[in-house]
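Visitor: If you're matching them up, the sequences are chains A and B in order.
Note that this note's numbering gives residue 245 to position 245 of the first sequence, counting from 1, and the numbers run on in steps of one.
Note that this note's numbering gives residue 219 to position 219 of the second sequence, counting from 1, and the numbers run on in steps of one.
From the three backbone atoms N, C-alpha and C, an ideal C-beta is built for every residue, glycine too.
Protein chains: 2
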Amino acid sequence: MTDTGDAATILPRPDFTATFPGPFPASLHGDHTERQLLGWLEEYPLLPSAEARSVLVNITSHGASRTFPTADPDDLVLFAELLLWLTAFDDVHGEGNAAGAPAILVDGTAELMLVLAGGSPPSLMNPFPAALYSLLARCRARTGPAAYLRLAASLRDTLMALVWEAHHVTEPERVALATYLQMRPHTVFVRTIIAAAEIVLDYELADAQRALAAVRHLENAGANLAGWVNDLASYEREAARGPMQPLSLPTLLRARHGGNLEEAFARASGMCENEAAVARQWIISLASDPSRTLTTHARALEDIVRSFIWHTSHARYQGPKCGREPGPTA
Amino acid sequence: MTDTGDAATILPRPDFTATFPGPFPASLHGDHTERQLLGWLEEYPLLPSAEARSVLVNITSHGASRTFPTADPDDLVLFAELLLWLTAFDDVHGEGNAAGAPAILVDGTAELMLVLAGGSPPSLMNPFPAALYSLLARCRARTGPAAYLRLAASLRDTLMALVWEAHHVTEPERVALATYLQMRPHTVFVRTIIAAAEIVLDYELADAQRALAAVRHLENAGANLAGWVNDLASYEREAARGPMQPLSLPTLLRARHGGNLEEAFARASGMCENEAAVARQWIISLASDPSRTLTTHARALEDIVRSFIWHTSHARYQGPKCGREPGPTA
Numbered sequence: 001m002t003d004t005g006d007a008a009t010i011l012p013r014p015d016f017t018a019t020f021p022g023p024f025p026a027s028l029h030g031d032h033t034e035r036q037l038l039g040w041l042e043e044y045p046l047l048p049s050a051e052a053r054s055v056l057v058n059i060t061s062h063g064a065s066r067t068f069p070t071a072d073p074d075d076l077v078l079f080a081e082l083l084l085w086l087t088a089f090d091d092v093h094g095e096g097n098a099a100g101a102p103a104i105l106v107d108g109t110a111e112l113m114l115v116l117a118g119g120s121p122p123s124l125m126n127p128f129p130a131a132l133y134s135l136l137a138r139c140r141a142r143t144g145p146a147a148y149l150r151l152a153a154s155l156r157d158t159l160m161a162l163v164w165e166a167h168h169v170t171e172p173e174r175v176a177l178a179t180y181l182q183m184r185p186h187t188v189f190v191r192t193i194i195a196a197a198e199i200v201l202d203y204e205l206a207d208a209q210r211a212l213a214a215v216r217h218l219e220n221a222g223a224n225l226a227g228w229v230n231d232l233a234s235y236e237r238e239a240a241r242g243p244m245q246p247l248s249l250p251t252l253l254r255a256r257h258g259g260n261l262e263e264a265f266a267r268a269s270g271m272c273e274n275e276a277a278v279a280r281q282w283i284i285s286l287a288s289d290p291s292r293t294l295t296t297h298a299r300a301l302e303d304i305v306r307s308f309i310w311h312t313s314h315a316r317y318q319g320p321k322c323g324r325e326p327g328p329t330a
Numbered sequence: 001m002t003d004t005g006d007a008a009t010i011l012p013r014p015d016f017t018a019t020f021p022g023p024f025p026a027s028l029h030g031d032h033t034e035r036q037l038l039g040w041l042e043e044y045p046l047l048p049s050a051e052a053r054s055v056l057v058n059i060t061s062h063g064a065s066r067t068f069p070t071a072d073p074d075d076l077v078l079f080a081e082l083l084l085w086l087t088a089f090d091d092v093h094g095e096g097n098a099a100g101a102p103a104i105l106v107d108g109t110a111e112l113m114l115v116l117a118g119g120s121p122p123s124l125m126n127p128f129p130a131a132l133y134s135l136l137a138r139c140r141a142r143t144g145p146a147a148y149l150r151l152a153a154s155l156r157d158t159l160m161a162l163v164w165e166a167h168h169v170t171e172p173e174r175v176a177l178a179t180y181l182q183m184r185p186h187t188v189f190v191r192t193i194i195a196a197a198e199i200v201l202d203y204e205l206a207d208a209q210r211a212l213a214a215v216r217h218l219e220n221a222g223a224n225l226a227g228w229v230n231d232l233a234s235y236e237r238e239a240a241r242g243p244m245q246p247l248s249l250p251t252l253l254r255a256r257h258g259g260n261l262e263e264a265f266a267r268a269s270g271m272c273e274n275e276a277a278v279a280r281q282w283i284i285s286l287a288s289d290p291s292r293t294l295t296t297h298a299r300a301l302e303d304i305v306r307s308f309i310w311h312t313s314h315a316r317y318q319g320p321k322c323g324r325e326p327g328p329t330a
């Protein structure tokens with residue numbers, strides 16, 4: 001075991017046995033999804049090495065199968081490809097690699113913005129815009145205008161958040177905790193996953209339902225939790241890269257409240273457990289609603305939260321680092 | 001007259017008398033809009049000086065009244081406020097001021113992204129997020145989900161484009177012409193204006209109509225034309241700021257094709273005239289369509305193009321510089 005591994009055994013971690021007890025349901029189509037993703041990466045070579053491809057495809061397919069365990073095979077594959085695309089973009093162009101040269105990330109995201117804005121089909125020479133163009137066309141064909149536009153909006157927000165992150169990653173302690181807490185859902189992709197739920201599971205909240213306090217509180221709690229559990233899971237491997245501290249919740253809690261890393265982890269774990277209790281409360285509340293759309297949404301959020309919790313116990317967090325850890329699969 | 005003014009008399013300019021002959025219609029509510037904008041800026045002090053406020057309000061109100069000459073007074077005011085907000089943000093945070101420190105612009109746009117993403121109401125301490133929050137709420141109340149989401153998407157695209165621009169403004173000659181041509185509609189706000197048309201004039205294209213070649217070609221021609229006429233109008237004042245050349249069509253045409261500034265202006269003017277002919281062709285084609293929605297859209301695009309042409313002859317371009325020149329009012 002490495003030193004990092006040893007350290008992981010002593011830092012406090014959140015306990016979700018009261019709020020999100022396992023085992024978590026998984027789709028029967030995980031293996032099918034994995035094979036499809038490998039084929040898709042032949043068409044769009046987003047990742048440089050065969051090993052990176054294999055690891056990311058495995059994690060993404062099984063993560064996606066826990067995010068939407070009841071999805072049809074085709075929908076699950078589409079969602080998994082979208083998640084793989086996001087994670088690969090962040091691995092290749094995001095935080096770590098962008099730290100020294102945010103202008104390159106800005107150019108990359110601007111190119112993707114043009115695809116999102118519906119411009120001409122991008123050259124196949126650059127696989128990220130080309131793959132996004134294909135993904136968006138398939139999402140658009142599968143749903144109504146508003147659901148598609150919400151998904152595309154969440155992708156734009158993530159791109160902007162990654163650019164923001166790249167401009168701060170060399171001096172994380174200068175980021176205000178409140179700002180970080182607002183940005184984090186967008187860098188962990190959970191808002192895109194929430195937006196994708198309505199497309200993948202074929203339901204659509206009415207505007208009045210979307211505006212319900214219960215829906216907003218549940219989505220916010222799930223979105224916060226996603227980023228925080230990911231931060232706790234990835235902190236030590238990001239810190240091992242050095243020399244600066246990671247732009248991550250424990251870093252910002254120490255900057256705000258002082259104390260050592262163990263205290264920051266204890267504080268963050270408490271935040272996670274509280275937020276999990278909030279999420280559970282609203283899931284229970286919405287799951288008994290007479291509206292089938294609302295119960296479906298509550299169950300989708302439950303599975304999304306589970307997938308983020310699940311991924312922190314995945315081997316990717318136990319072994320050597322193979323990329324960044326955004327999304328439920330990383 | 002200044003030297004810049006003298007130079008303006010000899011550089012070639014596009015001739016739109018065959019494609020968009022004046023005079024252009026204007027709303028009767030221009031003066032009302034101007035008074036409303038002045039009151040709005042009391043609530044949201046976006047601009048530092050009384051003089052800047054007065055100039056921008058005058059230009060914006062009369063520009064907006066030419067963009068949507070048939071709009072109801074309330075709709076026209078809302079649109080003018082949105083346009084004023086965009087122009088003021090660009091004046092205060094954009095290109096010129098962001099050149100030395102794009103990270104500050106990135107933070108400003110990230111804050112706005114959070115508002116667009118529907119987070120908590122922003123503090124009233126910072127007028128740009130607070131004003132955007134109010135504008136979005138009023139737009140959302142006035143239209144359906146998809147039209148609102150399209151407007152919000154165009155604003156996100158503009159923010160990303162302004163960030164892209166800020167990262168390139170110190171070395172404009174390194175930007176590829178093709179990239180510039182794709183980004184320019186987003187920095188000149190014309191895509192937001194096109195998205196606003198459906199809200200301001202209360203119509204909505206069906207998806208199949210939006211996908212029509214005639215609609216896409218007309219929108220693209222109008223969007224290109226907007227950026228190019230603005231570049232020709234603002235070039236000399238931006239160049240006078242020095243030391244580098246402006247990130248503007250003439251600069252990139254010289255980098256691509258060589259030649260002097262006069263030749264670049266002649267080439268750009270030819271591009272404008274060709275694009276105006278394309279726009280006119282599709283306006284004629286759509287204006288005779290049996291669908292009232294399509295004829296309304298064609299007329300809206302005609303007025304949008306007129307507003308961009310109109311603003312190049314405004315006093316703001318003849319006198320001393322009072323800010324950047326994005327949008328039809330600048």
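Can you say whether residue 224 (chain A) is buried or exposed, counting buried as having 16 or more other CB atoms within 10 angstroms of its CB?
Guide: Within the first sequence, the letter at position 224 stands for residue 224 (chain A). Under this definition residue 224 (chain A) is a buried residue.
Visitor: Residue 109 (chain A) touches chain B at which residues, Cβ-Cβ below 7 Å?
Guide: As a first step, residue 109 (chain A) must be located in the first sequence, where it is residue number 109. 160, listed in chain order.
Visitor: Given 8 Å as the limit, tell me if residue 35 (chain B) has its C-beta closer than that to any heavy atom belonging to the ligand COA.
Guide: For the structure depicted, the ligand COA is absent and the ligand set is empty, with no information on it obtainable.
Visitor: What's the C-alpha gap between residue 20 (chain B) and residue 195 (chain B)?
Guide: As a first step, residue 20 (chain B) is located in the second sequence; it is residue number 20 there, counting from the start. As a first step, residue 195 (chain B) is located in the second sequence; it is residue number 195 there, counting from the start. Looking at the two C-alpha atoms, the distance is approximately 22 Å.
Visitor: Along the region 209-225 of chain B, where does the CB come closer than 7 Å to a CB of chain A? Name the residues.
Guide: So the list is empty, because no residue satisfies the distance condition.
Visitor: For residue 252 (chain B) and residue 268 (chain B), what's the separation of their Cα atoms in angstroms?
Guide: Taking the second sequence and counting its residues from 1, one reaches residue 252 (chain B) at position 252. Taking the second sequence and counting its residues from 1, one reaches residue 268 (chain B) at position 268. So the two alpha carbons sit approximately 10 Å from each other.
Visitor: What's the C-alpha gap between residue 226 (chain B) and residue 52 (chain B)?
Guide: Taking the first residue of the second sequence as position 1, residue 226 (chain B) is located at position 226. Taking the first residue of the second sequence as position 1, residue 52 (chain B) is located at position 52. Taking the straight line from one Cα to the other gives about 23 Å.
Visitor: Below 9 Å between beta carbons: does that hold for residue 143 (chain B) and residue 230 (chain B)?
Guide: Position 143 of the second sequence holds residue 143 (chain B). Position 230 of the second sequence holds residue 230 (chain B). Taking 9 Å as the Cβ cut-off, residue 143 (chain B) and residue 230 (chain B) do not qualify as a contacting pair.
Visitor: At a Cβ threshold of 9 Å, is residue 5 (chain B) touching chain A?
Guide: The count along the second sequence starts at 1 and reaches residue 5 (chain B) at position 5. Confidence at residue 5 (chain B) is low in this model, with a pLDDT of 41, below 50, so the placement of that residue should be treated as unreliable; the coordinate-derived value is given next. So, not an interface residue.
Visitor: By how many angstroms is the C-alpha of residue 270 (chain A) removed from the C-alpha of residue 259 (chain A)?
Guide: Your numbering for residue 259 (chain A) matches position 259 in the first sequence. Your numbering for residue 270 (chain A) matches position 270 in the first sequence. When rounded, the distance between both Cα atoms is 15 Å.
Visitor: Expressed to the nearest angstrom, what Euclidean distance is found between the alpha-carbon atoms of residue 304 (chain B) and residue 281 (chain B)?
Guide: In the second sequence, residue 304 (chain B) corresponds to position 304, counting from 1. In the second sequence, residue 281 (chain B) corresponds to position 281, counting from 1. The alpha-carbon atoms of residue 304 (chain B) and residue 281 (chain B) are separated by roughly 15 Å.
Visitor: By Cβ distance below 6 Å, which residues in the same chain neighbour residue 320 (chain A) in space, the five residues on each side in sequence not counted?
Guide: In the first sequence, the residue the question calls residue 320 (chain A) occupies position 320. With a pLDDT of only 41 at residue 320 (chain A), under 50, the local geometry of the prediction cannot be trusted, and the value read off the model is given with reservation. Here the set comprises nothing.
Visitor: Helix, strand or coil for residue 281 (chain A) per DSSP?
Guide: If you number the first sequence from 1, residue 281 (chain A) lands on position 281. Residue state, collapsed to three classes: helix.
Visitor: I'd like to know if the region 179-188 of chain A and the region 126-146 of chain A are in contact, where contact means that at least 3 CB-CB pairs between them fall below 8 Å.
Guide: Result no; under three Cβ-Cβ pairs closer than 8 Å.
Visitor: Look at the Cβ atom of residue 262 (chain B), then the Cβ atom of residue 11 (chain B), and state whether they are nearer than 9 Å.
Guide: Translated into the one-based positions of the second sequence, residue 262 (chain B) becomes position 262. Translated into the one-based positions of the second sequence, residue 11 (chain B) becomes position 11. Cβ distance < 9 Å, so residue 262 (chain B) and residue 11 (chain B) count as in contact.
Visitor: Whose C-alpha, out of B:36, B:131, B:37 and B:88, is nearest the C-alpha of residue 47 (chain B)?
Guide: Here residue 47 (chain B) corresponds to residue number 47 of the second sequence, with the count starting at 1. If we check each option's Cα against that of residue 47 (chain B), B:88 comes out closest.
Visitor: Hey, is the region 61-75 of chain A in contact with the region 18-34 of chain A, meaning 3+ C-beta pairs nearer than 8 Å?
Guide: Yes, they touch.
Visitor: Assign residue 108 (chain B) to one of two classes, buried (16 or more other C-beta atoms within 10 Å of its C-beta) or exposed (fewer than that).
Guide: Counted from its first residue, the second sequence places residue 108 (chain B) at position 108. Label assigned to residue 108 (chain B): buried.
Visitor: Given a cut-off of 9 Å, decide if residue 102 (chain A) and residue 166 (chain A) are closer than it, judged by their beta-carbon atoms.
Guide: Along the first sequence, one-based indexing puts residue 166 (chain A) at 166. Along the first sequence, one-based indexing puts residue 102 (chain A) at 102. Yes, the Cβ-Cβ distance between residue 166 (chain A) and residue 102 (chain A) is below 9 Å.
Visitor: Work out the CA separation of residue 265 (chain B) and residue 44 (chain B) for me, nearest whole Å.
Guide: Within the second sequence, the letter at position 44 stands for residue 44 (chain B). Within the second sequence, the letter at position 265 stands for residue 265 (chain B). Distance between the alpha carbons of residue 44 (chain B) and residue 265 (chain B) is about 39 Å.
Visitor: What's the call for residue 156 (chain A), buried or exposed, on a 16-neighbour Cβ count within 10 Å?
Guide: Taking the first residue of the first sequence as position 1, residue 156 (chain A) is located at position 156. Buried, since its Cβ has 16 or more Cβ neighbours within 10 Å.
Visitor: Going along the chain, which residues of the region 178-205 of chain B sit with their C-beta nearer than 9 Å to a C-beta in chain A?
Guide: The region 178-205 of chain B vs chain A, Cβ under 9 Å: 179, 182, 183, 185, 186 and 191.
Visitor: Can the beta-carbon of residue 81 (chain A) be found closer than 9 Å to that of residue 131 (chain A)?
Guide: For the purposes of this step, residue 81 (chain A) is identified with residue 81 of the first sequence, where counting begins at 1. For the purposes of this step, residue 131 (chain A) is identified with residue 131 of the first sequence, where counting begins at 1. Cβ distance < 9 Å, so residue 81 (chain A) and residue 131 (chain A) count as in contact.
Visitor: Examine chain A for any beta-carbon lying closer than 9 Å to the beta-carbon of residue 306 (chain B), and answer yes or no.
Guide: Translated into positions along the second sequence, residue 306 (chain B) becomes position 306. No - not a single Cβ of chain A is within 9 Å of the one on residue 306 (chain B).
Visitor: Going along the chain, which residues of the region 281-299 of chain B sit with their C-beta nearer than 7 Å to a C-beta in chain A?
Guide: Against chain A - using a Cβ distance shorter than 7 Å - the region 281-299 of chain B contributes no residues.
Visitor: Less than 9 Å between CB atoms is the rule here; does residue 56 (chain A) satisfy it with respect to chain B?
Guide: Against the first sequence, residue 56 (chain A) aligns to sequence position 56. By this cut-off, residue 56 (chain A) is not an interface position.
Visitor: Which bits of chain B does residue 332 (chain A) rub up against, with CB to CB less than 7 Å?
Guide: Absent from the model: residue 332 (chain A). The displayed extent of chain A is 1 to 330, so no value can be given.
Visitor: Within the region 24-70 of chain B, note down every full alpha helix (DSSP H) run reaching 4 residues or more, in order along the chain.
Guide: Qualifying alpha helix (DSSP H) stretches, in chain order: 30-43 and 50-67.
Visitor: Spatial neighbours of residue 300 (chain A) within its chain, please: C-beta separation below 7 Å, excluding the five flanking residues on both sides.
Guide: Stepping through the first sequence from its first residue, residue 300 (chain A) is reached at position 300. If we look at residue 300 (chain A) and ignore the five residues flanking it on each side, its Cβ neighbours are 197 and 201.
Visitor: Would you say residue 117 (chain A) reaches chain B, if we count a Cβ-Cβ gap shorter than 9 Å as a contact?
Guide: Taking the first sequence and counting its residues from 1, the one referred to as residue 117 (chain A) is at position 117. Answer yes: the Cβ-Cβ gap between residue 117 (chain A) and chain B drops below 9 Å somewhere.
Visitor: Please list the residues of the region 70-102 of chain A that have a C-beta atom closer than 8 Å to any C-beta atom in chain B, keeping them in chain order.
Guide: Those would be 102, in chain order.
Visitor: In the DSSP assignment, find the unbroken alpha helix (DSSP H) run with residue 189 (chain A) in it and report its ends.
Guide: If you number the first sequence from 1, residue 189 (chain A) lands on position 189. Per DSSP, residue 189 (chain A) belongs to no alpha helix (DSSP H) and is neither H nor E.
Visitor: My assumption, with CB atoms under 8 Å, is that residue 169 (chain A) sits in contact with residue 78 (chain A). Please give the rounded CB distance.
Guide: Within the first sequence, residue 169 (chain A) is the residue found at index 169, counting from 1. Within the first sequence, residue 78 (chain A) is the residue found at index 78, counting from 1. So it is not a contact: roughly 31 Å between Cβ atoms.
Visitor: Going along chain B in order, which residues have a C-beta closer than 9 Å to the C-beta of residue 113 (chain A)?
Guide: Position 113 of the first sequence holds residue 113 (chain A). Correct list: 156, 157, 160, 161, 164, 183 and 186.
Visitor: Quick check: residue 83 (chain A) and residue 199 (chain A), are their CB atoms within less than 9 Å of each other?
Guide: Walking along the first sequence from the start, residue 83 (chain A) turns up at place 83. Walking along the first sequence from the start, residue 199 (chain A) turns up at place 199. Result no, Cβ atoms of residue 83 (chain A) and residue 199 (chain A) do not sit closer than 9 Å.
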